[in-house]
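Enquirer: Numbering (the UniProt record's numbering), first residue to last: 1 to 245.
Heads up, the beta-carbon is just placed ideally off N, CA and C, and yes, glycines get one too.
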């Protein structure tokens, strides 16, 4: 039995049999994996705490034919603050579900793992509006998936001035000269343009270091709802629950 040590986060947990759990873990070294935690549903089992959503740390695993088995784990962050905040917890579940949907088994996803970790930290700290954390996360995840909007020049002609409009289907800003005949356009404020530019270019560690006005947050919300529906097009169960808050 060859053990591998990986650093990762538990995205989801499913009970299996009478005492086991099946974990989906997003790892830095080998991407997303499925792993069984044997006996993790027994009281006082060594893997009980490590086999919970949001658990982040080092996992020792060994590979089977179709999945891995967790031999041991050393968890460095459980994000316990989220477990005491129902709304925060469901935002966390949504972030994990989003990451799970966009990643593939055994495909490198270290930046997505880092973004997920930083985003859960932002949720836990509560220093900026929880809705802003969500829209930043969604935009950066979509960008990491290769579908970032073009926010630095007109998507039609490449012009860098008078970019007052945004079109989701075209995938970015449109200048005043090219906007005629674009049916899905929306006018976008300079403040939101700057916000999106910052999110797309900032290091992951700096993403959650700013606030926006209520007006910009509302504008950001509307744009991201449309952009996410167009480029992701998936119904997330946790997001449906969040709409009840």
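Here's the rule I'm using: 16 or more other beta-carbon atoms within 10 Å means buried, otherwise exposed. How should residue 72 be labelled?
Expert: exposed
Enquirer: Quick one: grab the DSSP three-state call for residue 56.
Expert: strand
Enquirer: Should residue 222 go down as buried or exposed, given a rule of 16 or more other Cβ atoms within 10 Å for buried?
Expert: exposed
Enquirer: Between the Cα of residue 66 and the Cα atoms of 60, 80, 36, which residue gives the shortest distance?
Expert: Closest option to residue 66, Cα to Cα, is 36.
Enquirer: Can you give me the C-alpha to C-alpha distance between residue 187 and residue 83, rounded to a whole angstrom?
Expert: 39 Å
Enquirer: The ligand GTP and residue 21: does the residue's C-beta get closer than 6 Å to at least one heavy atom of that ligand?
Expert: Among the components modelled here there is no ligand, and therefore nothing to report on the ligand GTP.
Enquirer: Can we say the stretch 131 to 138 touches the stretch 165 to 175, given the rule of at least three CB pairs closer than 8 Å?
Expert: Result no; under three Cβ-Cβ pairs closer than 8 Å.
Enquirer: Count the C-beta pairs between the stretch 47 to 59 and the stretch 21 to 34 that are closer than 8 Å, then say yes if the count reaches three, no if not.
Expert: yes
Enquirer: Would residue 3 pass as a contact of residue 62 if the rule is Cβ separation under 7 Å?
Expert: Yes; because the gap between Cβ atoms is below 7 Å, this pair is in contact.
Enquirer: Taking the alpha-carbon positions, what's the residue 241 to residue 97 distance?
Expert: 13 Å
Enquirer: Does the beta-carbon distance from residue 6 to residue 59 come in below 7 Å?
Expert: Contact flag set, yes.
Enquirer: For my contact list, residue 51 and residue 10 are in at a C-beta cut-off of 8 Å; report their separation, rounded to the angstrom.
Expert: 7 Å
Enquirer: With residue 112 as the anchor, note down where its alpha helix (DSSP H) starts and where it stops.
Expert: First-last of the alpha helix (DSSP H) with residue 112: 110 to 125.
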